[in-house]
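Enquirer: In this note's numbering, the protein residues as written are 5 to 435.
Quick reminder that beta carbons are idealized off the backbone N, C-alpha and C, glycines included.
Predicted model only: the values in this text are computed from it and were never measured.
One structure coming up, written as structure tokens, with questions to follow.
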Amino acid sequence: MADSPKTATLTIGENSYELPMKSPSAGPDVVDISKLYGSAGVFTHDPGFTSTSSCESTITYIDGVKGELLHRGYPIDQLAEKSHYLEVCFLLLYGYLPSSVELEKFETTITHHTMVHEQMGNFFRGFRRDAHPMAIMTGVVGAMSAFYHDSTDVNDPRQREIASHRLIAKMPTIAAMAYKYTIGQPFVYPRNDLDYASNFLRMCFAVPAEDYEVNPILSRAMDRIFTLHADHEQNASTSTVRLASSSGANPFACIAAGIACLWGPAHGGANQACLEMLREIGTVDRIPEFIARAKDKNDPFRLMGFGHRVYKNTDPRATVLKKSADEVLELLGVDDNPLLQVAKELEQTALNDPYFVEKKLFPNVDFYSGIILEAMGFPTSMFTPIFALSRTVGWISQWKEMISDPALKIGRPRQLYTGETLRDYVEIENR
Ligand code: ACO
């Protein structure tokens, strides 16, 4: 990050403080306030981090106004069209597009790490069958540090790399196992002759009683969902991973923290919430009622799968997924599915409604990923685990970048305290 020739001046009462500014390679300049408390004795206050950059990063860039998402400079629509998930994983982790030899080696490494320690199956069996797969994933990924403690030394670059490969490779196996466990079917082992997405589909949908053929269109759509969710700069779960890892915690614990954060309905849980909303709407004729509720200031209801903190134009991932959704729906011939009919009609109604147009509330990636996953036959409870497995490479790349930074400091925000000031303890009989 280059120093900017500009500076910012902060005036507090009679005193002025000159604050250095920095220029990024893209995006707005930042005012460096890291020494502000030392010089002026004040904190800045920014709940929700709406105006605060929390780190320096070279991985992902978003221009929310233009609706642009770049990974290491490459636009997401080109990556979704021309690349595939494991190549994007390499790009995010190492910073450049691999040669064919490097890619083959990387794919082989990931493929050969997809099995999980056999004893992890016992760990799964400790959960209730009706547990949410995200609850299982949070626990099992956290437990990986107990199974793979030979890759938990964050100060050893080789161990960091092995942990990265293990997490990318094993996450689909863990997500599929969580699913199989909740429906009472046997776990399906990964197969090394299948690509990443096909392997995941097979581990979810195959049963020992019959052969399972992976449909290449579904596998391509699955790979696209993985690719489009791979990273999204400093969102809530990624910031959680960074904050957790700033203490030196092991990578498996940090990714488990990211999974826990992602589960929330305002973040990764939105795709499940969106499908549940479509189910609640039920039929096309009830759409106006729900649109009216979404606009009513006195009703907390929001249209799930619409709006984004950063994108205020279009979500470029949603544009790509909309195409995939059309392909998948046509292939599966599910046009008569009432839920998908509600989704299509709702999309058109909201896109033409002045409230949504004026507030720049467009369908986000969760809206279309939910539709595709529903059509593929995934239960809604699996939507967020699929997001989590896709985002693992983003979390891991951000974690790796942060740990390798010699300027790493433990994250420790300050607060605007509004509680009681000093007072004396009151004995229980006098209260
Ligand atoms: N339905 C109806 N109104 C909405 C919606 C929505 N989905 N989203 C925002 N608005 C309205 C708000 O009421 C607010 O109106 P006001 O200005 O009159 O008060 C205005 O639009 C701005 O909304 P904010 O909540 O201030 O925007 P913010 O950037 O904080 O929120 C968020 C973004 C959380 C994504 C929000 O749009 C939302 O709740 N959407 C539904 C949940 C969702 O789909 N989340 C997925 C995000 S994408 C992801 O995680 C991959």
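I need the boundaries of the alpha helix (DSSP H) containing ASN275, first residue and last residue.
Expert: Taken as a continuous stretch (DSSP letters only), the alpha helix (DSSP H) holding ASN275 covers 274-285.
Enquirer: Starting from GLU72, trace the beta strand (DSSP E) in both directions and tell me its first and last residue.
Expert: From DSSP, the beta strand (DSSP E) with GLU72 extends over 72-75.
Enquirer: Could you tell me whether the segment 174-185 touches the segment 141-148, using the rule of 3 or more Cβ pairs below 8 angstroms?
Expert: These segments touch.
Enquirer: Could you give the C-beta distance for LEU205 and LEU232, rounded to a whole number, given that I count them as a contact under 8 angstroms?
Expert: 17 angstroms between Cβ atoms; not a contact.
Enquirer: Is DSSP giving ALA12 helix, strand or coil here?
Expert: The answer is strand: DSSP assigns ALA12 an E or B state.
Enquirer: Considering PRO255, what are the terminal residues of the alpha helix (DSSP H) in which it resides?
Expert: Unbroken alpha helix (DSSP H) run through PRO255: 255-266.
Enquirer: Quick check on this structure: which residue in CYS278, ALA173, LYS70 has the alpha carbon closest to the alpha carbon of PRO194?
Expert: Among CYS278, ALA173, LYS70, the Cα nearest to that of PRO194 belongs to ALA173.
Enquirer: Locate the alpha helix (DSSP H) running through LEU325, then write down its first and last residues.
Expert: Element bounds for LEU325: 320-336.
Enquirer: DSSP three-state call for SER29: helix, strand or coil?
Expert: Coil.
Enquirer: If we call anything under 8 angstroms between Cβ atoms a contact, is LYS316 one with GLY68?
Expert: It is a contact, given that the beta carbons lie within the stated cut-off.
Enquirer: On the criterion of 16 or more Cβ atoms from any shown chain inside 10 Å, does GLU378 qualify as buried, or is it exposed?
Expert: GLU378 should be labelled buried.
Enquirer: Could you check what DSSP says for VAL158 in three-state terms: helix, strand or coil?
Expert: Of the three classes helix, strand and coil, the one that applies to VAL158 here is coil, per DSSP.
Enquirer: Going by alpha carbons, who is nearest to SER328 out of LYS301, MET380, GLU91?
Expert: Checking every option, the nearest Cα to that of SER328 belongs to MET380.
Enquirer: Compare the Cα-Cα distances from ILE390 to each of LYS404, LEU40, ILE285, ALA234 and report the closest residue.
Expert: Of the candidates LYS404, LEU40, ILE285, ALA234, the one whose C-alpha sits nearest the C-alpha of ILE390 is ALA234.
Enquirer: Beta carbon of LYS326: closer than 7 angstroms to some heavy atom of ligand 1?
Expert: No, since every heavy atom of ligand 1 falls outside the 7 angstroms radius drawn around the Cβ of LYS326.
Enquirer: Does at least one heavy atom of ligand 1 sit under 7 angstroms from the Cβ of MET226?
Expert: No, since every heavy atom of ligand 1 falls outside the 7 angstroms radius drawn around the Cβ of MET226.
Enquirer: Go through its chain and collect everything with a Cβ distance to PRO190's Cβ below 8 angstroms, but skip five positions before and after it.
Expert: For PRO190, where only same-chain residues beyond five positions count, the Cβ hits under 8 angstroms are LYS184, VAL211, PRO212.
Enquirer: Could you pull out every residue in the same chain whose Cβ sits closer than 8 angstroms to the Cβ of PHE209, ignoring the five residues on either side in sequence?
Expert: The answer, listed in chain order, is TYR216, GLY381.
Enquirer: Buried or exposed, going by whether 16 or more other CB atoms sit within 10 Å of the CB of SER251?
Expert: Exposed, because fewer than 16 other Cβ atoms sit within 10 Å of the Cβ of SER251.
Enquirer: Just grab the DSSP bridge partners of ASP7 for me.
Expert: LYS26, per the DSSP bridge assignment.
Enquirer: Would you check if the distance between the CB atom of ALA12 and the CB atom of LYS26 is smaller than 8 angstroms?
Expert: No, they are not a contact pair.
Enquirer: Indicate whether PHE387 and GLY398 have their beta-carbon atoms separated by less than 8 angstroms.
Expert: In this structure, GLY398 does not lie closer than 8 angstroms to PHE387 by Cβ.
Enquirer: For ligand 1, any of its heavy atoms closer than 7 angstroms to the Cβ of ALA213?
Expert: No, Cβ of ALA213 sits at least 7 angstroms from all heavy atoms of ligand 1.
Enquirer: Verify the contact flag: ALA379, CB atom, against every heavy atom of ligand 1, threshold strictly below 7 angstroms.
Expert: ALA379: no, Cβ never under 7 angstroms from ligand 1.
Enquirer: What would DSSP say about PRO79, mapped onto helix, strand or coil?
Expert: In this structure, PRO79 counts as strand in the three-state DSSP scheme.
Enquirer: I need the DSSP call for TYR65, collapsed to helix, strand or coil.
Expert: Looking at TYR65 - three-state DSSP - the assignment turns out to be strand.
Enquirer: Ordered along the chain, which non-local residues of its own chain (more than five positions away) have a Cβ less than 8 angstroms from that of GLY77?
Expert: Only TYR65 meet the Cβ criterion.
Enquirer: Within 10 angstroms of the Cβ of ILE140, are there 16 or more other Cβ atoms? Answer buried if so, exposed if not.
Expert: Under this definition ILE140 is a buried residue.
Enquirer: Could you tell me how far apart the beta carbons of VAL2 and LEU279 are, in whole angstroms, since I believe they sit closer than 8 angstroms?
Expert: Nothing can be reported for residue 2: it is not among the residues displayed for the chain, which extend from 5 to 435.
Enquirer: Who are the Cβ neighbours of GLY17 in its own chain at under 8 angstroms, not counting the five residues just before and after it?
Expert: Closer than 8 angstroms at Cβ, skipping near neighbours: no residue.
Enquirer: Using a threshold of 7 angstroms, is the CB atom of MET138 nearer than that to any non-hydrogen atom of ligand 1?
Expert: No, the Cβ of MET138 stays beyond 7 angstroms of every heavy atom of ligand 1.
Enquirer: At what residues does the alpha helix (DSSP H) containing ALA270 begin and finish?
Expert: Where ALA270 is concerned, there is no enclosing alpha helix (DSSP H), given that its DSSP letter is neither H nor E.
Enquirer: Quick check: what's the CA-CA separation for GLU237 versus ILE63?
Expert: Spanning the two alpha carbons is a distance of roughly 7 angstroms.
Enquirer: Considering only DSSP beta bridges, list what SER20 is partnered with.
Expert: In DSSP, SER20 forms a bridge with THR15.
Enquirer: Report yes if the CB atom of GLU405 is closer than 8 angstroms to the CB atom of SER61, and no otherwise.
Expert: Their beta carbons are under 8 angstroms apart, which means GLU405 touches SER61 by this criterion.
Enquirer: Say the cut is 7 angstroms; is the CB of ARG313 nearer than that to a heavy atom of ligand 1?
Expert: Because some heavy atom of ligand 1 lies under 7 angstroms away, the Cβ of ARG313 counts as near it: yes.
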